[in-house]
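Chain order of the listed sequences is A and B.
Just so we're aligned, residue 1 is where the first sequence starts under our numbering, counting upward by one.
Just so we're aligned, residue 89 is where the second sequence starts under our numbering, counting upward by one.
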Amino acid sequence: MIIRLSGTLLRFVDYQKELRIDAPTVKAGIEQLAAQYPEVGKALVDNVGQVRSTHRIFVNGETLGRGQINQAVSSEDVLDILTGITGG
Amino acid sequence: MRTLRFDVFPDVGAFTPLQLKPHFILSVCFNGSERWSREYGVPHQTAIRDLQTAFVLQVARVSYHDRYTYTDADRLSIAITRQSRRNGSQVEVRASFETPGGSMVAESSLCIVPLSLSDASGELAGLPAPMPPSYMSTFEPSERLEEPYPSPFPGMLNQIIESGELLSSYQYPLFINRHQCEFVDQWFFVEAGNLAAASREHMVFEQGARLPLLRRGLSLPVRELNLLYSRPFYLFDVGKVLTRAFRSHEGVVFVHELIKDDPSELHALVLERF
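The following block contains the structure:
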């Protein structure tokens with residue numbers, strides 16, 4: 001899948017706006033992303049492995065609900081990860 | 089209610105040929121909010137570090153009064169007030185700008201929303217939440233209001249669209265650069281006004297010969313500016329400014345919608361009255 005990051009998350013991936021990750025599900029893709037870039041992992045995922053409520057995930061433009069993290073994805077699917085609000 | 093007073097000495101860069109730039113007024117108002125907090129409340133850095141509380145802007149307003157250009161006076165007296173509203177889920181900041189002779193140049197107000205920050209996030213991500221009790225206790229009783237901030241939205245926009253005559257529309261591309269961002273790569277709020285102004289000026293440049301009324305958007309000073317922030321922009325975000333000009337009984341009004349592409353969402357609304 002193609003993972004696209006926005007704004008405040010970009011600094012944790014050396015300002016790459018798109019990353020290609022080979023994974024069968026959204027959850028596996030985020031885990032691989034976190035393994036490659038641990039700071040993104042800390043920002044995105046809480047200590048029980050859930051995506052933080054401060055972030056929104058879209059798959060091919062459709063919002064991904066809280067219970068849909070195991071959704072299967074293909075190599076051409078696009079995952080957008082957006083930060084809701086930051087307070088700096 | 090406590091008022092913080094200080095003087096500023098605007099340099100030539102703070103002015104257009106016609107007036108103080110809205111950018112300058114909003115920056116002084118926002119900075120005045122921080123100065124007030126340092127004097128009477130909790131500094132922003134302390135709130136972030138110790139209370140996991142940060143603030144983002146939701147509404148900003150500027151209204152101009154007496155004429156004031158660079159050669160009129162070398163200093164302005166600023167008066168800042170800060171109040172909790174809606175039981176701690178909003179903060180209202182008010183600023184007035186007066187010359188030494190007592191002439192009221194402009195007034196500004198901000199509605200700022202507190203966020204509860206995510207614990208382990210280095211990006212200061214958060215969700216809206218009321219200010220914690222230790223922060224609230226720094227406000228005097230007269231500075232704690234239950235009523236919400238008196239936002240001009242959506243009423244003012246509806247009134248412009250329903251009663252005004254649409255003169256023309258325009259679309260201007262938008263790309264967020266780092267110099268427009270702030271500490272966490274989120275855009276600096278006053279940039280909304282600048283992006284809207286850029287769209288208006290391009291509209292006047294391209295359509296002013298056909299629609300001379302549009303040129304009031306450059307030849308007259310702005311009388312009033314209202315900004316609503318729905319979602320933040322971030323570094324590298326791409327989008328557009330959709331600008332519409334209306335003729336109203338008071339003059340010309342420009343309505344700007346700042347929209348991010350992919351996913352397409354409205355991020356800010358800017359209303360300028362001339």
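Here a beta-carbon is modelled for each residue, glycine too, at the ideal position from N, C-alpha and C.
Would you list the residues sitting across from His55/A in a DSSP beta bridge?
Start at 1 with the first residue of the first sequence, and residue 55/A comes out as number 55. BP columns for His55/A point to Thr83/A.
To the nearest angstrom, report how far apart Ser365/B and Glu127/B are at their CA atoms.
Nothing can be reported for residue 365/B, as the shown portion of chain B is limited to 89 through 362.
Quick one: what's got a C-beta closer than 8 Å to Ser307/B's C-beta in the same chain, skipping five residues either side?
Locating residue 307/B in the second sequence gives position 219, counting from the first residue. Closer than 8 Å at the Cβ level, and outside the excluded window around Ser307/B, lies no residue.
Between Ile85/A and chain B, is there a C-beta pair that is closer than 8 Å?
On the first sequence, position 85 is the one that residue 85/A refers to. Output row for Ile85/A: interface = yes.
On the CB-based measure, 16 or more other CB atoms within 10 Å of its CB, does Thr8/A come out buried or exposed?
Locating residue 8/A in the first sequence gives position 8, counting from the first residue. Counting Cβ neighbours within 10 Å, Thr8/A comes out buried, since at least 16 surround it.
As a quick exercise: from Gly327/B, Pro309/B and Val201/B, pick the residue whose alpha carbon is nearest that of Arg155/B.
Start at 1 with the first residue of the second sequence, and residue 155/B comes out as number 67. Arg155/B has its Cα closest to that of Pro309/B, out of Gly327/B, Pro309/B and Val201/B.
Segment contact flag, the stretch 245-259 of chain B with the stretch 334-348 of chain B, C-beta cutoff 8 Å, min 3 pairs:
yes
Leu330/B to Gln146/B span [Cα, whole Å]
Position 242 of the second sequence, counted from the first residue, corresponds to residue 330/B. Position 58 of the second sequence, counted from the first residue, corresponds to residue 146/B. When rounded, the distance between both Cα atoms is 20 Å.
Check whether the Cβ of Phe324/B lies closer than 8 Å to any Cβ atom in chain A.
Here residue 324/B corresponds to residue number 236 of the second sequence, with the count starting at 1. It does: the Cβ of Phe324/B has a partner Cβ on chain A nearer than 8 Å.
Through-space distance from Val144/B to Arg173/B, alpha-carbon basis
The residue labelled residue 173/B in the question sits at position 85 within the second sequence. The residue labelled residue 144/B in the question sits at position 56 within the second sequence. Going from the Cα of Arg173/B to the Cα of Val144/B covers about 15 Å.
Quick one: what does DSSP say His153/B is sitting in, helix, strand or coil?
The sequence position of residue 153/B within the second sequence is 65, counting from 1. Coil, per DSSP.
Arg170/B by DSSP, collapsed to three states: which one?
As a working note, residue 170/B is residue 82 in the second sequence. In this structure, Arg170/B counts as strand in the three-state DSSP scheme.
Member of Gln140/B, Leu302/B, Ser165/B and Gly243/B whose CA lies at the smallest distance from the CA of Pro188/B
To locate residue 188/B, count along the second sequence from 1; it is residue 100. For the residues Gln140/B, Leu302/B, Ser165/B and Gly243/B, the minimum Cα distance to Pro188/B belongs to Ser165/B.
Use the C-beta contact count for Val326/B: other C-beta atoms within 10 angstroms, 16 or more gives buried, fewer gives exposed.
Within the second sequence, numbered from 1, the residue matching residue 326/B stands at position 238. Counting Cβ neighbours within 10 Å, Val326/B comes out exposed, since fewer than 16 surround it.
Would you mind telling me which residues of chain A sit closer than 8 Å to Gln274/B, beta carbon to beta carbon, in chain order?
The residue labelled residue 274/B in the question sits at position 186 within the second sequence. Here the neighbours are Gly7, Thr8, Thr86 and Gly88.
If the criterion is Cβ atoms closer than 8 Å, does the pair Ala194/B and Tyr237/B meet it?
Residue 194/B sits at position 106 when you count from the first residue of the second sequence. Residue 237/B sits at position 149 when you count from the first residue of the second sequence. No; because the gap between Cβ atoms is not below 8 Å, this pair is not in contact.
Chain A contact residues for Ser125/B, given Cβ-Cβ distances below 9 Å:
Residue numbering aside, residue 125/B sits at position 37 when the second sequence is read from its first letter. The contacting residues do not exist; Ser125/B stays about 14 Å from chain A at best.
What does DSSP give as the partner residues of Ala72/A in its beta bridges?
Within the first sequence, residue 72/A is the residue found at index 72, counting from 1. Looking at the DSSP assignment, Ala72/A forms a beta bridge with Thr25/A.
Taking only beta-carbon atoms, is Phe277/B less than 8 Å away from chain A?
Taking the second sequence and counting its residues from 1, the one referred to as residue 277/B is at position 189. It does not; no Cβ of chain A falls within 8 Å.
Report the three-state DSSP secondary structure of Ala297/B (helix, strand or coil).
Residue numbering aside, residue 297/B sits at position 209 when the second sequence is read from its first letter. Three-state DSSP puts Ala297/B in coil, outside helix and strand.
Given this structure, state the Cα-to-Cα distance separating Val51/A from Ile3/A, to the nearest angstrom.
For the purposes of this step, residue 51/A is identified with residue 51 of the first sequence, where counting begins at 1. For the purposes of this step, residue 3/A is identified with residue 3 of the first sequence, where counting begins at 1. Cα to Cα, Val51/A sits roughly 15 Å from Ile3/A.
From the DSSP output, in three-state form, read off Lys328/B for me.
The count along the second sequence starts at 1 and reaches residue 328/B at position 240. Here Lys328/B sits in strand by DSSP.
Proximal residues to Phe277/B (C-beta, below 6 Å), its chain only, five neighbours per side dropped:
Looking up residue 277/B in the second sequence gives position 189. Counting only Cβ-Cβ distances below 6 Å, and skipping sequence neighbours, we find Leu145.
Based on Cα-Cα distance, which residue from Leu5/A, Gly49/A, Ala23/A and Gly65/A lies nearest to Gln16/A?
As a working mapping, residue 16/A is identified with position 16 in the first sequence. Checking every option, the nearest Cα to that of Gln16/A belongs to Leu5/A.
For the stretch 17-34 of chain A and the stretch 56-73 of chain A, state whether three or more C-beta atom pairs, one from each stretch, are separated by less than 8 Å.
yes
Which same chain residues end up closer than 8 Å to Asp77/A when comparing Cβ atoms and leaving out the 5 residues on each side of it in sequence?
Numbered from its first residue, the first sequence carries residue 77/A at position 77. Closer than 8 Å at Cβ, skipping near neighbours: Met1, Ile2, Val59 and Asn60.
Any beta carbon from chain A within less than 8 Å of Val130/B's own beta carbon?
Here residue 130/B is taken as the residue at index 42 of the second sequence, counted from 1. Chain A contact via Cβ: absent.
With a CB to CB cut of under 8 Å and the five nearest residues on each side skipped, what residues in its chain are close to Thr157/B?
Stepping through the second sequence from its first residue, residue 157/B is reached at position 69. Once the five neighbours on either side are set aside, the close Cβ partners of Thr157/B are Phe103, Pro105, Leu106 and Gln107.
Is the CB of Val181/B under 8 Å away from at least one CB in chain A?
Walking along the second sequence from the start, residue 181/B turns up at place 93. No, its Cβ sits nowhere closer than 8 Å to a Cβ of chain A.
On the three-state DSSP scale, how would you describe Lys42/A?
In the first sequence, counting from the first residue as 1, residue 42/A sits at position 42. Helix, per DSSP.
Return the bridge partner residues of Arg361/B from the DSSP annotation.
Here residue 361/B is taken as the residue at index 273 of the second sequence, counted from 1. Its beta-bridge partners are Glu312/B and Val341/B.
What is the DSSP secondary structure of Gln37/B, counted as helix, strand or coil?
Nothing about residue 37/B can be reported from this structure: the residues present for chain B run from 89 to 362 only.
So, is the C-beta of Ser206/B closer than 8 Å to a C-beta in chain A?
If you number the second sequence from 1, residue 206/B lands on position 118. Ser206/B counts as touching chain A.
Looking at the structure shown, is Ile442/B part of a helix, part of a strand, or coil, going by DSSP?
There is no way to answer for residue 442/B, as the model of chain B reaches only from 89 to 362.
Is Ala280/B close to chain A, meaning its C-beta is less than 8 Å from at least one C-beta of that chain?
Stepping through the second sequence from its first residue, residue 280/B is reached at position 192. No, its Cβ sits nowhere closer than 8 Å to a Cβ of chain A.
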